[in-house]
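Notes follow once the structure below has been shown.
2 protein chains.
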Amino acid sequence: MNRNGTIELETKPSVYGFAAVVGTKEGDGPLRDYFDYILEDVRVGEDSWEKSESMLQQYSLSMALSNCGLKEEDIDFAFAGDLMSQCTSSGYAIRGKDIPFIGLYGACSTMAESLCMAGIFAEKNIGKYCAAITSSHFCSAERQFRFPVNYGGQRTPTSQWTATASGCAIVSQHKDAPYIERVTIGKVLDKGVTDANNMGAAMAYAAYDTISRHLKNTNQEPNDFDYIVTGDLGQVGSDMLYELLAADGISIARNHKDCGLMLYDRERQDVHAGGSGCGCSASVLCGYFLRKLKQGELKKILFTATGALLSSIIVQQGESIPAIAHSVELTGAQEV
Amino acid sequence: MNRNGTIELETKPSVYGFAAVVGTKEGDGPLRDYFDYILEDVRVGEDSWEKSESMLQQYSLSMALSNCGLKEEDIDFAFAGDLMSQCTSSGYAIRGKDIPFIGLYGACSTMAESLCMAGIFAEKNIGKYCAAITSSHFCSAERQFRFPVNYGGQRTPTSQWTATASGCAIVSQHKDAPYIERVTIGKVLDKGVTDANNMGAAMAYAAYDTISRHLKNTNQEPNDFDYIVTGDLGQVGSDMLYELLAADGISIARNHKDCGLMLYDRERQDVHAGGSGCGCSASVLCGYFLRKLKQGELKKILFTATGALLSSIIVQQGESIPAIAHSVELTGAQEV
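Protein chains in written order, with the working numbering: chain D, 1 to 336; chain V, 1001 to 1336.
Written as structure tokens, this is what we have:
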């Protein structure tokens, strides 16, 4: 039974295979050595950005399978979602594959949401191998949520750069690190942010709520983790998160990492407040953190991907932007 | 463990509470006596269709709770999704409620998808009460997928009428009919339909695949069920489903019901090929079928909601429309 959204995965399912695929800009960033594949052309040979993004998910799935010696037909269930309306990238990526599919929508929290669900299905022995997949693409997302890229609109200092990237994790009951120990499911919170160019602010409170609940429900504190990892709060959202936690006497500044701040060199790569998009936390998790956990260089992290449930149409109607965050506690070696 | 997507729910969780809320047109149809609430004004006092649709979900959730004597704080997890881009109706409906939320996207299959997930969470004792919610609204959906309603575009004979409706089911381990016996998770299939006004055709093959798998995996035949219920294939899709199954020597014509054909009086209400939208199968399930199962008037149904994963943008780029269907086997009395 859960405790205020926190679910204990007693069998500690393994993230048995994983892979991260990124675009050229992401492949030119500080984490370039950690990705399975860096695209030479972000169009991936397709004639639309939506189709390109869909290809990213197909790449990350096939590389995650290959990394652990599995085939598509070994996957019992796939959980996937993305930022595109009607989760286009995921639906078209999985189309025609002989894999039972559960479509998710959690905006940029989708890597954590899908990993929670894949972890639960593996833990409960519903599926032997369950895949969690997500993606984002700068060009498809900017066109949908803000302006077509060709328009060349000026970006505000609080804006974040939607990553062109995809991550896939395959969860099973193998005894191979990294392991999923516990997950905490997010709540939809809204503190009144209406600026579609300030996603970090919209998401900070959701991160605060989920991280606080996870720590409280599991009787842990930030120092129990090597890193408290957030999805893509960027600089603005990260600062807000510190303030919110500080008011409760909790400090994570020492061991906090934000995927949106890790993926790019903010100065050199001109990404303003940092990276964002489902693919941001997905590629940093599946490229960097899962690898470090597998290699034993990290013992334990709390991965909290945050999503701004931004709908252009309802924000244009004057509504503010709700957000959600889901947490996944991952360990690098089985705890005794 | 599953068998090709079919999951046995051994504890047979109960659909403990449920409610259906519909618009004026739906409330004027043949099922008018089965709904919990018929709106007098499909705007529900809101100033946009998206906000109105979000209210529908709030209504169906609060009525489902009230029907079984629960409160919002009793709900451990809510699974919800809808047709709006970024699942706007669901995110805003659940916003600010203190309920861990798992956002789904399955287009018109969402009532079955959410019920599968709520059933699994209840079966595995992850949550005591898990809600499955979805909705659609004629005016928000037509504007997004086809034309603004005010435009008054001519509708083709194959087109279906997006229902203004919402359904909510609350699943738990109580010993109260109806029960969820088994579920089968759908695969994303695409047989090349490109006409956004012919959703039934796009979805028929997905329904065929999931129903066939469910029957085969559970060693049952159509006559074992009072009804094989499809979500919203309408007349065109239902006819295609009969043909596809007939080629395998399976006949469901005798006991098939399609929610899209039940919700409206097609002649009198001018809905062409039938109803559609997440709210169509949701309201017919939560209004009619669950009630009949609870009252013992039905023994067993196979509820298969179908979703066309229609993305306007990628269809305009020349892509065809993939579809998915999920099945939920429901019984009215515990089988011995």
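Glycine residues also receive a C-beta, built at the ideal position from the N, C-alpha and C atoms.
**OP:** Could you tell me if S89(D) is buried or exposed, where buried requires 16 or more neighbouring beta carbons within 10 angstroms of its beta carbon?
**Re:** buried
Original post:
Is there at least one Cβ from chain V nearer than 8 Å to V336(D)'s Cβ?
Top reply: Note that V336(D) scores 48 on pLDDT, short of 50, meaning its location in the model is unreliable; the coordinates nonetheless yield the value given after this. Cβ-Cβ to chain V under 8 Å: no for V336(D).
Original post:
Excluding the five sequence neighbours on either side, which residues of its own chain have a C-beta within less than 7 Å of the C-beta of V1336(V), listed in chain order?
Top reply: Since pLDDT at V1336(V) reaches only 48, below the 50 mark, its modelled position is unreliable, and the value read off the structure follows with that caveat. Taken in chain order, the list of residues that qualify is empty.
Original post:
Under 8 Å, do L1061(V) and C1130(V) count as touching if we go by C-beta distance?
Top reply: no
**OP:** Quick one: list the residues of chain B neighbouring S1311(V), beta-carbon separation under 9 Å, in chain order.
**Re:** Of the protein chains in this structure, namely D and V, none is chain B.
Original post:
Going along the stretch 170–192 of chain D in order, which residues come within less than 9 Å of chain V, judged by CB to CB distance?
Top reply: T184, I185, G186, K187, V188, L189 and D190
Original post:
What residues in its chain sit with their C-beta under 7 Å from that of C116(D), if we drop five residues either side in the sequence?
Top reply: V183, I185, H326 and V328
**OP:** Could you name the residues that DSSP lists as bridge partners for G103(D)?
**Re:** A80(D)
**OP:** For L56(D), decide whether its Cβ has a neighbour in chain V, counting only Cβ atoms nearer than 8 Å.
**Re:** no
Original post:
Distance, Cα to Cα, L349(D) vs P1157(V)?
Top reply: There is simply no residue 349(D) to check, as chain D begins at 1 and stops at 336 in what is shown.
Subject >> Buried/exposed call for Y208(D), threshold 16 Cβ in 10 Å >> reply: buried
Original post:
Any beta-carbon of chain D closer than 8 Å to the one on S1327(V)?
Top reply: no
Original post:
Going along the stretch 1206–1226 of chain V in order, which residues come within less than 7 Å of chain D, judged by CB to CB distance?
Top reply: none
Original post:
What are the boundary residues of the alpha helix (DSSP H) that includes S85(D)?
Top reply: That residue, S85(D), is in no alpha helix (DSSP H); it is neither H nor E in DSSP.
Original post:
Is the distance from the Cβ of M1240(V) to the Cβ of T1306(V) below 8 Å?
Top reply: no
Subject >> Closest residue to S1311(V) among G91(D), E10(D) and F225(D) (Cα-Cα distance) >> reply: G91(D)
Subject >> N- and C-terminal bounds of the alpha helix (DSSP H) containing R291(D) >> reply: L290 to K294
Original post:
From this set, A1253(V), K1299(V) and D1190(V), which residue's C-alpha is nearest A1308(V)'s C-alpha?
Top reply: D1190(V)
**OP:** Give every residue of the same chain whose Cβ lies closer than 6 Å to the Cβ of G1279(V), excluding the five residues on either side of it in the sequence, and list them in chain order.
**Re:** S1135, S1136, A1163, A1165 and S1166
Original post:
What residues from chain D crowd round G1127(V), counting only those whose CB sits closer than 8 Å?
Top reply: M1 and N2
**OP:** Return yes when the Cβ of A177(D) is within less than 8 Å of the Cβ of K294(D), no when it is not.
**Re:** yes
Original post:
How many Å lie between R3(D) and K1124(V) at the Cα?
Top reply: 14 Å
Original post:
Which class does V1268(V) belong to by DSSP, given the choice of helix, strand or coil?
Top reply: Per the sequence shown, residue 1268(V) should be read as Arg rather than Val. R1268(V) falls in the helix class under three-state DSSP.
**OP:** Return no unless some Cβ of chain D is closer than 8 Å to the Cβ of L1104(V).
**Re:** yes
**OP:** Under 6 Å Cβ to Cβ from L261(D), same chain only, skipping five residues before and after it: list those, please.
**Re:** G274
**OP:** Identify, in the order they occur along the chain, each residue of the same chain with its Cβ nearer than 6 Å to the Cβ of G23(D), setting aside the five sequence neighbours on each side.
**Re:** L39, V42 and T164
**OP:** Confirm, please, whether the CB-CB distance from L1031(V) to V1284(V) is below 8 Å.
**Re:** yes
**OP:** Starting from the C-beta of F145(D), find all residues in its chain whose C-beta is less than 7 Å away, skip the five residues before and the five after it, and write them out in chain order.
**Re:** A196, L310 and S312
Subject >> Pair within 8 Å by beta-carbon distance, A1118(V) and S1054(V) >> reply: no
Original post:
D1098(V) touches chain D at which residues, Cβ-Cβ below 7 Å?
Top reply: K187
**OP:** Output, in chain order, the set of chain V residues within a Cβ distance shorter than 7 Å of D76(D).
**Re:** N1002
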